[in-house]
Amino acid sequence: SSKSWKGSPVLSSLNANQVLDVMLKSRADATAKSYMRVIKKFLDWFQQSCSSSSSVILTHAALKWLHSFVPSLDCNPLDSDFCRNIIESAKRQRSQPIMKKKPITTEIIRNILDVHNKEDSNLKDLRIAALCSLAFAGFLRYDDLCNIVPKHIEFHNDYIRIFLPRSKTDIYREGNYVYISASTSKFCPVGVLRRYLNLSGIDSNSNLPLFRPLTF
134 SSKSWKGSPV
144 LSSLNANQVL
154 DVMLKSRADA
164 TAKSYMRVIK
174 KFLDWFQQSC
184 SSSSSVILTH
194 AALKWLHSFV
204 PSLDCNPLDS
214 DFCRNIIESA
224 KRQRSQPIMK
234 KKPITTEIIR
244 NILDVHNKED
254 SNLKDLRIAA
264 LCSLAFAGFL
274 RYDDLCNIVP
284 KHIEFHNDYI
294 RIFLPRSKTD
304 IYREGNYVYI
314 SASTSKFCPV
324 GVLRRYLNLS
334 GIDSNSNLPL
344 FRPLTF
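Residue numbers (our numbering): 134 to 349.
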């Protein structure tokens, strides 16, 4: 910044471009030109790869975090006004309208079950039905579903309890329990899960994923 130039009798009377010219003379012309080409190449790549403001913000956060590991730094350079202005500029120039995803509704789940949870449904259909109904009823993410194993499911008279060993919201990996109520409706996720388990023949004490690839 211009404040740091005031202590130098050579730089204090120069503008930003003139200061840059002086600094470039600290290396041989060929070396300086080589360095500038590499820097320009990096900046061009960065401009192309950071197509959104969120990517710039994420990069800034990552670099700021990395610089915090350096014990010799009195202050983090990523906390400077310059960096904050860059982030603000990225937000203004590269911001795009947020396209919110439409939420899954009960009607959508019922339509899925009408197709995949018929009396004569095969194992592939029942797997789709069980996966969708469990995810909806238990507010489960895809990763949550992938981590469920049969031994973590407890069946009770009017509900099931599912143990999730890890999830996105469980930052300390202590595990969480999810409770899903049972009913007599044909759309009941517990009933759909029972049908899937019975047809698949999956061992209730298995450590393998509940929703595993199918082979015929």
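The beta carbon of each residue, even a glycine, is placed where N, CA and C say it ideally should be.
Small disclaimer: the values here were computed from a predicted structure and weren't measured.
The beta carbon of Ala194 sits closer than 7 Å to none of the beta carbons in its chain outside the five residues before and after it. Following the DSSP letters along the chain, one finds Phe269 inside the alpha helix (DSSP H) bounded by residues Leu256 to Gly271.
In the displayed model, Glu287 falls within a strand according to three-state DSSP. Boundaries of the alpha helix (DSSP H) harbouring Ile241: Thr239 to His249, taken from the DSSP string. Here DSSP, grouped into helix, strand and coil, assigns Ser185 to coil. C-alpha of Ile231 to C-alpha of Ser185: approximately 12 Å in a straight line.
With fewer than 16 other Cβ atoms inside 10 Å of its own Cβ, Val248 counts as exposed. Contact holds between the segment 266 to 277 and the segment 294 to 306, because three or more Cβ pairs, one in each stretch, are under 8 Å apart. Here the C-alpha atom of Leu176 lies approximately 21 Å from the C-alpha atom of Asp162. Within the same chain, and ignoring the five residues on either side of Val325 in sequence, the residues whose Cβ sits closer than 6 Å to its Cβ are Asn250, Ala262, Ala263 and Ser266.
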